[in-house]
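Quick notes on the structure that follows.
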Amino acid sequence: MTELNPWIDGLVALLLLIGAFFLLVGALGMLRFRDFFQRLHAPTKASTLGVGGVLIASMLYSAATGRLAIHELLITLFIFITAPVSANLLAKAALHLKLPSKAGHPERD
Amino acid sequence: MHLPLITLVALPFAGSLIAALLPTNARNAESTLAGVIALLCAVQVALLFPDIAAGQVIRQDIPWLPSLGLNFVLRMDGFAWMFSMLVLGIGALVVLYARYYMSPADPVPRFFAFLLAFMGAMSGVVLSGNLFQMVLFWELTSLFSFLLIGYWHHRKDARRGARMALTVTGAGGLCLVAGVVLLGHIAGSYDLDVVLAAGDAVRAHPLYRPMLVLVLLGAFTKSAQFPFQFWLPNAMAAPTPVSAYLHSATMVKAGVFLLARLWPVLAGTDEWFWLVTGAGLATLLVGGFAAIFQNDLKGLLAYSTISHLGLITTLLGLNSPLAAVAAVFHILNHATFKASLFMAVGVIDHETGTRDIRRLSGLARYMPVTATLATVAAAAMAGVPLLNGFISKEMFFSEAVFLAASPGIDRALPVVAVVAGMFSVAYSLRFTVEVFLGRDKCGALPRQPHEPPRWMRAPISVLVLACLVVGTLPQWSIQRILETAARPVVGVLPDFDLAVWHGFNLPLWMSLLSLVGGIALFFALRSPMRRGHLAKAPLIGRINGKRVFRSLLARLTLAGRHTRRLFGTRRLQMQLMLLVLVTLVAAAVPLRRLGSEALLAGGDRAMLEFSPMFALMWLVGAGAAIGAVWQAKYHRLTALALMSVAGLVTVITFAWFSAPDLALTQLSVEAVTTVLIMLGLRWLPKRLEDVGRSQPLRVRARARVRRGRDLSIALCAGAGLALLSWAMMTRSFPQSISPFFLERALPEGGGRNVVNVMLVDFRGFDTLGEITVLGVVALTVYALLRRFRPAPESAGLPPQQQALPADLVTDLVDPYSDEDPARGYLMVPAVLIRLVLPLAAMIAVYLFMRGHNEPGGGFVAGLVLSTAFIVQYVVSGTQWVEAHMDLRPQRWIAFGLLTATATGLGSFALGYPFLTTHTAHVSLPLIGDLHVASALFYDIGVFLLVVGATLLILTALGHQSVRGRRVRDNEEDERKEGAH
Chain V
1 MTELNPWIDG LVALLLLIGA FFLLVGALGM LRFRDFFQRL HAPTKASTLG
51 VGGVLIASML YSAATGRLAI HELLITLFIF ITAPVSANLL AKAALHLKLP
101 SKAGHPERD
Chain P
1 MHLPLITLVA LPFAGSLIAA LLPTNARNAE STLAGVIALL CAVQVALLFP
51 DIAAGQVIRQ DIPWLPSLGL NFVLRMDGFA WMFSMLVLGI GALVVLYARY
101 YMSPADPVPR FFAFLLAFMG AMSGVVLSGN LFQMVLFWEL TSLFSFLLIG
151 YWHHRKDARR GARMALTVTG AGGLCLVAGV VLLGHIAGSY DLDVVLAAGD
201 AVRAHPLYRP MLVLVLLGAF TKSAQFPFQF WLPNAMAAPT PVSAYLHSAT
251 MVKAGVFLLA RLWPVLAGTD EWFWLVTGAG LATLLVGGFA AIFQNDLKGL
301 LAYSTISHLG LITTLLGLNS PLAAVAAVFH ILNHATFKAS LFMAVGVIDH
351 ETGTRDIRRL SGLARYMPVT ATLATVAAAA MAGVPLLNGF ISKEMFFSEA
401 VFLAASPGID RALPVVAVVA GMFSVAYSLR FTVEVFLGRD KCGALPRQPH
451 EPPRWMRAPI SVLVLACLVV GTLPQWSIQR ILETAARPVV GVLPDFDLAV
501 WHGFNLPLWM SLLSLVGGIA LFFALRSPMR RGHLAKAPLI GRINGKRVFR
551 SLLARLTLAG RHTRRLFGTR RLQMQLMLLV LVTLVAAAVP LRRLGSEALL
601 AGGDRAMLEF SPMFALMWLV GAGAAIGAVW QAKYHRLTAL ALMSVAGLVT
651 VITFAWFSAP DLALTQLSVE AVTTVLIMLG LRWLPKRLED VGRSQPLRVR
701 ARARVRRGRD LSIALCAGAG LALLSWAMMT RSFPQSISPF FLERALPEGG
751 GRNVVNVMLV DFRGFDTLGE ITVLGVVALT VYALLRRFRP APESAGLPPQ
801 QQALPADLVT DLVDPYSDED PARGYLMVPA VLIRLVLPLA AMIAVYLFMR
851 GHNEPGGGFV AGLVLSTAFI VQYVVSGTQW VEAHMDLRPQ RWIAFGLLTA
901 TATGLGSFAL GYPFLTTHTA HVSLPLIGDL HVASALFYDI GVFLLVVGAT
951 LLILTALGHQ SVRGRRVRDN EEDERKEGAH
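For the record, the sequence lines run as chains V and P.
Under full-length UniProt numbering, the first sequence has 1 at position 1, and the numbering climbs by one with no breaks.
Under full-length UniProt numbering, the second sequence has 756 at position 756, and the numbering climbs by one with no breaks.
Shown next as C-alpha cells:
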C-alpha cells in the first residue's frame, strides 16, 4: 500500500462511506416497504448513488496511485441501461399478477 | 529373390478393392482377377519352400509406431507356409469353381471383393508375427465371413445364419483379445518369436489358467467346438463356394491354427489336456452322430466338418508330439477332401436344383465323373485305405492306443476313437450310396441333371487327385512337407513313418473294426430313415442349437431392458438417490477405517484468521441454499433465484481469496446457467400445492416418510463431504504442482495470468479436448431438442402471454411475426437492450485481450458475449433477433475448433510438437512494442467455440416457444376443422 496524501485518503474513505450508506438504504428499503411497487424504488438508490460512490472512490484512488482507470464508468453505464429494463419488466409482471398496491390499479392493462 | 511377405497380405486386399469397382455382371473379369491374384500369391509361397524347408524363418518388419515398439510383423515358418499354401491354393481353386457356380443374376463384384478380402485377412492371421496383429486379422476374418454368409441377404436363413456366426465368433474374438493381452503380459512381449520361446515361463505363471481359458474360448468359437458348434450348420446358408472355402478349409481352421501355433507355449499341462481333449472328444462324437441323420447334403458335410475339427482338437490336446504331428497332417488332409466334397455338393445343387438326400437317388447315371470324384473324396473322409484320410486316421488310432494317461482315459479313448470312426463311415456311406446309387428318381427333380462344365469339375479333380497321391505315395509326396510344417509346432520332431502299411497292428484292427461297424450301422439305419422315422437325430436332435442361441439372446435383451427400467432416467429421482447412496457408501468405508476422531481433529496446516464478514456472507449463502431446497418442490423459480444467491456467494469467496479469474468465470457461468435452467423450467408442468394437501392421509404419510428418507441421505452425504473437505483442507499437501506453474508462467508461457497460461499453453491439449466436448454437447442438445414435444399440460401459453395488449405484435402473439417489438410496454426495454450488445462486445474483447496477463481470457469473454446475445433474444423475441442477425452457432463452433487445432498444427509446420507456443515481439508504429503469444490465436478458438456452444444450447431451448405455438395452432385448427 503506497502512502497517500491524507486529504485524498480521507476523501476516498468518505466516498466509500457514502456509497455504503446508500447501499444500506437501498437494502433497508427492500425490507421495510410493504408494497411491491414501493419496493421497486428502493434498489435504484443502491444502484445509482451506492455504486456510484464506490466507483468514484475507486477512480480517485487509482488516479492517486498513478494508474488512472476511468473504464469503471462503464459499470455505471451498464447499470443505467439494464436497471430500467428489468424494472420495467418486473412492473409489468406485477401489474399482470395484480399485486396489491397502495396506489390502486390502472383500469386497463 | 522373392517378393516381400507383405504382398501376400496386401495384394488380396488391393484386389478386393478393384473387384468391388467392376460392373455387376463381369463374371469373367472378376474371377480372372481373383484367380490371378490367388495363383500369383500361391506360386510365390511355393517358391519359398526350399528356404523354409531348410529351417529358415522369413520375417518382415514394417515399422509403424517405433516409439511404442509396435511394428507390423510378418513371419513365415514351416507351419505358416503350409497354411498359406492351403489358403491361397484352395482359394485359387474356389475362385475357378465360383466362376461357374455363381448365376448371372448374382451381383458378382460383392462376392469376389469379399472373397479376396477374406483371403487377405486369412493370410494375415497365418503370417502375423505379432499376437495383437493376428487378433486384428482374426476379427477381420469373422467380419468377412459374416458378409459372405449373408451374401444372399434377401433370404432370412442367410441373414440369421450370418448374424449368429458373427455373434459367436465375435464374442470369441473378444475373449481372445483378453487372452492375448494376458499372454503378452506373461511372456513380456506380443512378438511371436518371444512368446514361442517363453513356454516354460508361461506354463508356470499364476495367470496361466485364466489366460488359457480365454484363448481357448476364442479358438473354440472359431472352430465350432462343443458347445459353440451350432453356428456352423446355420452358416450353410452361404453360397457353396463360400462353404467350400471358409467353412471347411480355412476360416474354421483358424481356431486349430491358433491351438497349433501356441502349442509350444500353452500345451503340456493338465489343464490343456482336460480342456482341449474334452472339448475335442465331445465335438467329435456329437458332430459325427448328428451328421448321420442330416437330410441336407451341406448339413451333413457341416457336421462332418465339426466332427473332424473335433478330431484335430483332440489330437492337439493329447500333449504328445506325435499327436500334434498327426493333427497338422489331418488339417491338411481334411482341407483337401472337404473342400472337394463341398464343391461336389455345389455341383449337385447347381445341376439338379436340390440338396435333399431324400429326394436324390441314382445320380451316378447322369454325372458319372462327378459321382466318382465325390465317392473317392467321401472315402477319404471315411478313412478308406489308400487315401489320405486313412493315414491320418491311423495316426489318430495309434495315438489313442499308445497314450499314457489316467486309467479311465486309457481305456475310453480307443473306444471313442473307434465309435467316431464308425460314425464317419456311416455318414460317408449315406452321402455316396443314397445320392449316387439306387433307383433313378431323377424325374422328380427340379432340373434334369447332367455333367457340369469341365472347368467347374476341374478343381474337384485336382483336390481328389491330391487325396489319392498323398494316400498311395505318402513318403514321396507329403513327408517332407509335413516335417517342415510340424517342426515349428512340436520343436523336436518325433520319429514317425508315413508308410501305408505298418503290418497287422492294433490301429489297423481298429480301422477295420470301424469300417465294418460303420457299414453295419448305415445299413441298420437305412430303412428307418427311408421310411422317415429318423428325420432328426435321436437324443440330441431335440436340442435345436439355433433356438437355444436365439432364446439366450432374447433373455439377454430382456435382462438389459429390465435393468434399464430399474436404473434408467425415466425414474430420475431414483437414479440420483442411488448415485448419492453409492457415493456415500464408497466414501464412508475407507474413511471409517481412519476413524472419525482423526478426521475431526484436523491437520497441522496453519489456519487463516477468522473474519466475521466472511462468516456472515457464508451464512447468507447457506441460508439461500437451504431456502432453495425448501422451495424447490412447488416454487421452482424462487428456488432458482435462491440458488443463484448461493452461486454469487461462491463468486465473492473466490474474489476474497485472490482468485479473480475463477471469480469471473464463476460469475459468467452462473448467469448463463441460470438463464438455461429458466428456459427449461418453462416446460415443466406446474405442481399445485393444494393438490398435495388434499391427498388422503395414507398417501401423505408415505410421502413424508419418503421425504424423510431423502433428507437423511442428503444430510449424511453433505456431512460426509464437509468432513472430508475439512480433513483435506487442514492438512498440508506434500507436493503441490502450483509452484511449478507459478515459476514458469511468465518466462516460458509469456503471460502473468497463471490460470490462463495453464489453460492455453501448459495444459493446451487438455483444453482442446474440453472444448471439443463442449461443442459435442451443444450439438447433442440441439439434435435432441429438434424432436422435443412438450407435455400437453405445459404446451399452453403461459397466462402472461394470453392477455396481451392490442398494440403489441411480437412473436408472443404471432409466431411468424418478426415485427419490431419496441412497442407498447416493451418499447423501453427493447430499445435500451440493443445498446447493450455493442458495449458487451467491447467488454468481451477487452477481457479477451488482457487475459494472458490479467484476469480474463477467452472463456470468460465468450460467456460475456453470449450473455449479451441471449439478452437480445429474451427482450426482443426469437423471430426479430434472427431476422436481423444471422447467427449461425454451428459455424462459430466449427471455426473455433478449426482455429484452435490450426494453431496447434502450426507448430508442426515449424518442426515442433503439437501445440508448442511461441511469443513474438512486434513493434507497431503508433502502439509500440507488443508481445504476441501464439496462445492468443488458440484463445480465439476457445472464445469462438464458447460463444457458439452457449448460443446453440440457449437458442435451441428458446426456439421451443416458437415451435410449440406452431404445434398448438395446428392442433387448434384441426380441432376447429373436426368440429365442422
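Cβ atoms here follow ideal geometry from the backbone N, Cα and C, with glycine treated the same way.
For S694(P), is the classification buried or exposed, using 16 other Cβ atoms within 10 angstroms of its Cβ as the cut-off for buried? Mapped onto the second sequence, residue 694(P) falls at position 694. So S694(P) counts as exposed.
Looking only at DSSP bridge pairs, what is D191(P) linked to? As a first step, residue 191(P) must be located in the second sequence, where it is residue number 191. Its beta-bridge partners are N130(P).
Which stretch, first to last residue, makes up the alpha helix (DSSP H) that contains I713(P)? The residue given as residue 713(P) occupies position 713 in the second sequence. Unbroken alpha helix (DSSP H) run through I713(P): L697 to M729.
Can you tell me where the beta strand (DSSP E) with H921(P) in it begins and where it stops? Counted from its first residue, the second sequence places residue 921(P) at position 921. Where H921(P) is concerned, the enclosing beta strand (DSSP E) stretches over T919 to L924.
Since G50(V) and G26(V) should fall inside the 8 Å C-beta cutoff, what is the C-beta to C-beta distance between them, to a whole number of angstroms? The residue given as residue 50(V) occupies position 50 in the first sequence. The residue given as residue 26(V) occupies position 26 in the first sequence. Yes, they are in contact, since the Cβ atoms of G50(V) and G26(V) sit about 6 Å apart, within 8 Å.
Grab me the residues of I18(V)'s own chain with a C-beta within less than 7 Å of its C-beta, minus the 5 sequence neighbours each way, in chain order. Taking the first residue of the first sequence as 1, we reach residue 18(V) at position 18. Answer for I18(V): G53, listed in chain order.
What separation, rounded to the nearest whole angstrom, lies between the Cα atoms of K102(V) and D35(V)? In the first sequence, residue 102(V) corresponds to position 102, counting from 1. In the first sequence, residue 35(V) corresponds to position 35, counting from 1. About 7 Å.
Report the residue from D61(P), L216(P) and W81(P) whose alpha carbon sits nearest the alpha carbon of L47(P). Looking up residue 47(P) in the second sequence gives position 47. That would be W81(P), whose Cα lies nearest to the Cα of L47(P).
Any chance the CB of P838(P) is under 6 Å from a heavy atom of the ligand GDP? Within the structure as shown, the ligand GDP is missing, as the structure has no ligands at all.
Close-in-space but distant-in-sequence residues of the same chain around L68(V) (CB under 7 Å, 5 per side omitted): In the first sequence, the residue the question calls residue 68(V) occupies position 68. Within the same chain, L68(V) has close Cβ partners S62.
Between P829(P) and chain V, is any beta-carbon pair separated by less than 7 Å? Position 829 of the second sequence holds residue 829(P). By this cut-off, P829(P) is an interface position.
At a Cβ cut of 9 Å, what residues of the region 831 to 853 of chain P count as close to chain V, listed as they run along the chain? L832, I833, L835, V836, L839, A840, M842, I843 and Y846
Can you check whether the C-beta of V54(V) is within less than 7 Å of a C-beta belonging to chain C? Here the protein chains are V and P, and chain C is not one of them.
Determine which residues of the region 33 to 53 of chain V have a Cβ less than 8 Å from any Cβ of chain P, and write them out in chain order. none
L539(P) in three-state terms, based on DSSP: Walking along the second sequence from the start, residue 539(P) turns up at place 539. Coil.
In chain order, each alpha helix (DSSP H) run of at least 4 residues that lies wholly inside the region 600 to 660 of chain P: 612 to 631 and 636 to 656
Going by DSSP in three states, H185(P) sits in which element: helix, strand or coil? For the purposes of this step, residue 185(P) is identified with residue 185 of the second sequence, where counting begins at 1. Collapsing the DSSP output to three states places H185(P) in a helix.
So L525(P) is in the alpha helix (DSSP H); what residue range does that whole segment cover? Position 525 of the second sequence, counting from 1, holds the residue named residue 525(P). Taken as a continuous stretch (DSSP letters only), the alpha helix (DSSP H) holding L525(P) covers L506 to R530.
Determine the chain V residues that contact Q802(P) at a beta-carbon separation under 9 Å, and present them in chain order. Stepping through the second sequence from its first residue, residue 802(P) is reached at position 802. What Q802(P) touches in chain V: nothing, since even the nearest Cβ is about 10 Å away.
Residue 999(P) lies in the alpha helix (DSSP H); which residues open and close that run? Limits of chain P in this structure are 1 at one end and 980 at the other, which puts residue 999(P) out of reach.
In the region 450 to 512 of chain P, which residue ranges form an unbroken alpha helix (DSSP H) of at least 4 residues, counting only runs that do not cross its ends? Here the runs fully enclosed are 454 to 472, 474 to 477 and 479 to 490.
I want to verify the contact list: residues of chain V whose CB lies under 9 Å from the CB of V875(P), in sequence order. Residue 875(P) sits at position 875 when you count from the first residue of the second sequence. Per Cβ cutoff of 9 Å: V85 and L89.
In angstroms with no decimal places, state the Cα-to-Cα distance between V435(P) and T354(P). Residue 435(P) sits at position 435 when you count from the first residue of the second sequence. Residue 354(P) sits at position 354 when you count from the first residue of the second sequence. So the alpha carbons of these two residues sit roughly 11 Å apart.
Could you pull out every residue in the same chain whose Cβ sits closer than 6 Å to the Cβ of M422(P), ignoring the five residues on either side in sequence? Numbered from 1 along the second sequence, position 422 holds the residue referred to as residue 422(P). S514, G517, G518 and L521, listed in sequence order.
Distance check for W880(P) and L930(P), CA to CA, integer angstroms please. Residue mapping note: residue 930(P) aligns to position 930 of the second sequence, counting from 1. Residue mapping note: residue 880(P) aligns to position 880 of the second sequence, counting from 1. Those two C-alpha atoms are separated by around 41 Å.
Measure the C-alpha to C-alpha separation of M510(P) and T375(P) and round it to an integer number of angstroms. Taking the first residue of the second sequence as 1, we reach residue 510(P) at position 510. Taking the first residue of the second sequence as 1, we reach residue 375(P) at position 375. Looking at the two C-alpha atoms, the distance is approximately 22 Å.
Could you name the residues of chain V that Y825(P) contacts, counting a contact when the two beta carbons are closer than 8 Å? Here residue 825(P) corresponds to residue number 825 of the second sequence, with the count starting at 1. Going along chain V in sequence order, the residues near Y825(P) (Cβ under 8 Å) are N88 and K92.
Where does D35(V) sit, in a helix, a strand or coil, going by DSSP? For this step, residue 35(V) is matched to residue 35 along the first sequence. Of the three classes helix, strand and coil, the one that applies to D35(V) here is coil, per DSSP.
List, in order along the chain, the chain P residues whose C-beta lies closer than 9 Å to that of T82(V)? Indexing the first sequence from 1 puts residue 82(V) at position 82. Correct list: L832, I833, V836 and V871.
Of the listed residues F549(P), I652(P) and L600(P), nearest to P616(P) (C-alpha basis): For the purposes of this step, residue 616(P) is taken as the residue at position 616 of the second sequence. The sequence shown places Leu at residue 616(P), rather than the Pro named in the question. Nearest option by C-alpha distance: I652(P).
Just reading off the alpha helix (DSSP H) that F72(P) is part of, what are its end residues? For the purposes of this step, residue 72(P) is taken as residue 72 along the second sequence, with counting starting at 1. Premise fails: F72(P) lies in the beta strand (DSSP E), L70 to M76, not in any alpha helix (DSSP H).
Contact between the region 357 to 370 of chain P and the region 388 to 407 of chain P: three or more CB pairs below 8 Å? no
With DSSP run on the structure shown, which of helix, strand or coil describes W64(P)? Numbered from its first residue, the second sequence carries residue 64(P) at position 64. Here W64(P) sits in strand by DSSP.
For the region 5 to 28 of chain V, enumerate the residues whose C-beta is nearer than 9 Å to any C-beta of chain P, in chain order. Cβ contacts with chain P come from no residue of the region 5 to 28 of chain V.
Under 7 Å between the Cβ atoms of L183(P) and E271(P)? Translated into positions along the second sequence, residue 183(P) becomes position 183. Translated into positions along the second sequence, residue 271(P) becomes position 271. Against a cut-off of 7 Å, the Cβ pair of E271(P) and L183(P) comes out as no contact.
Can you tell me whether M885(P) is buried or exposed? The criterion is at least 16 other CB atoms within 10 Å of its CB, across all chains shown. Within the second sequence, the letter at position 885 stands for residue 885(P). By the 10 Å Cβ count, M885(P) comes out exposed.
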